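*Asks:* Pasting a structure here, questions to come.
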Amino acid sequence: MVDLALLQSVSYIAGALGVCVAAIYYIINLRETALNRRVALTNSILVPMNMTEEGNKRFVELMSMEWTDFNDFQSKYDSTVNQNNFAKRVTVWNTFDALGYEYRKGVLDAETVYGILNMSAVNMWLKFKPVIDEYRKTDYGRDMYVNFEYLAGEMARMKAKRDASLKGSPSYIKSGEYEKAFRK
21 MVDLALLQSV SYIAGALGVC VAAIYYIINL RETALNRRVA LTNSILVPMN MTEEGNKRFV
81 ELMSMEWTDF NDFQSKYDST VNQNNFAKRV TVWNTFDALG YEYRKGVLDA ETVYGILNMS
141 AVNMWLKFKP VIDEYRKTDY GRDMYVNFEY LAGEMARMKA KRDASLKGSP SYIKSGEYEK
201 AFRK
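The opening position of the sequence shown corresponds to residue 21 in my numbering, with each subsequent residue numbered one higher.
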């Protein structure tokens, strides 16, 4: 005959195991949900920018801009003379800055950001760094687009780690040695 105390002990153990299994399932589910949210957030910001025809046209248009110095840039593209270009430029710069902030805080998934952006943030930063530096001196302060700069630096470091054929150091971001760092 089975003792009542034994049955009660088995019942308690089964209940405790059920609670443990539920807690483990909840923790796994919570981690998966957090990861899915990070990837979804990253994609919701990046896809319209890099994976649409409009986003790619905007990127190419900005990368095709030409100027000789900051005064020439202002005469052609400043918000007071070319509002359409200003709107396109600031949209892209602000998006990269927001991505850099979210990336720095660990909200965005680094692999997804790199996988979608690859070198576009780096190339955009290098193209407009002299202009942004001038705006930092004259209008907007030293902290303007620091997260954009951070993002470009991080993407350059990831590229340098993954592509052994690159010569030089990711420090080209600060030194202006883009050509030397990436030409074979």
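Here a beta-carbon is modelled for each residue, glycine too, at the ideal position from N, C-alpha and C.
Computed from a prediction, not measured in an experiment: that's the story for all the values here.
Taking the alpha carbon of residue 118 as the point to measure from, which residue in 170, 39 and 139 has its own alpha carbon closest?
*Replies:* On the sequence shown, position 98 is the one that residue 118 refers to. The candidate whose alpha carbon is nearest that of residue 118 is 170.
*Asks:* Is residue 99 near residue 106, with beta carbons less than 8 angstroms apart?
*Replies:* Mapped onto the sequence shown, residue 99 falls at position 79. Mapped onto the sequence shown, residue 106 falls at position 86. Going by C-beta atoms, residue 99 is nearer than 8 angstroms to residue 106.
*Asks:* Taking residue 72 as the reference, give the member of 137, 173, 90 and 114 with the closest Cα.
*Replies:* Within the sequence shown, residue 72 is the residue found at index 52, counting from 1. Ranking the options by Cα distance to residue 72, first place goes to 137.
*Asks:* Rounded C-beta distance between residue 113 and residue 168? I'm assuming under 8 angstroms.
*Replies:* Working through the sequence shown from its first residue, we reach residue 113 at position 93. Working through the sequence shown from its first residue, we reach residue 168 at position 148. Confirmed, Cβ separation roughly 6 angstroms.
*Asks:* Would you kindly work out how many angstroms separate the C-alpha atoms of residue 163 and residue 50, rounded to a whole number?
*Replies:* Translated into positions along the sequence shown, residue 163 becomes position 143. Translated into positions along the sequence shown, residue 50 becomes position 30. Approximately 36 angstroms between the Cα atoms of the pair.
*Asks:* Leaving out the 5 sequence neighbours to the left and right, which residues in its chain are closer than 8 angstroms to residue 90 when beta-carbon positions are compared?
*Replies:* The residue you call residue 90 lines up with position 70 of the sequence shown. Contacts found: 150, 151 and 154.
*Asks:* Would DSSP call residue 55 helix, strand or coil?
*Replies:* Translated into positions along the sequence shown, residue 55 becomes position 35. Helix.
*Asks:* Suppose the cutoff is 6 angstroms on Cβ atoms and the five residues either side in sequence are ignored; what does the same chain contact list for residue 59 look like?
*Replies:* Numbered from 1 along the sequence shown, position 39 holds the residue referred to as residue 59. Taken in chain order, the residues that qualify are 129 and 132.
*Asks:* Whose C-alpha, out of 156, 25 and 172, is nearest the C-alpha of residue 124?
*Replies:* Taking the first residue of the sequence shown as 1, we reach residue 124 at position 104. Answer by Cα proximity: 172.
*Asks:* In its own chain, which residues sit with a C-beta less than 7 angstroms from the C-beta of residue 147, not counting the 5 before and 5 after it?
*Replies:* Along the sequence shown, one-based indexing puts residue 147 at 127. Within the same chain, residue 147 has close Cβ partners 83.
*Asks:* So, helix, strand or coil for residue 132, using DSSP?
*Replies:* Along the sequence shown, read from residue 1 onward, the residue named residue 132 stands at position 112. Residue 132 falls in the helix class under three-state DSSP.
*Asks:* In the DSSP assignment, find the unbroken alpha helix (DSSP H) run with residue 182 in it and report its ends.
*Replies:* Locating residue 182 in the sequence shown gives position 162, where the first residue counts as 1. Element bounds for residue 182: 166-182.
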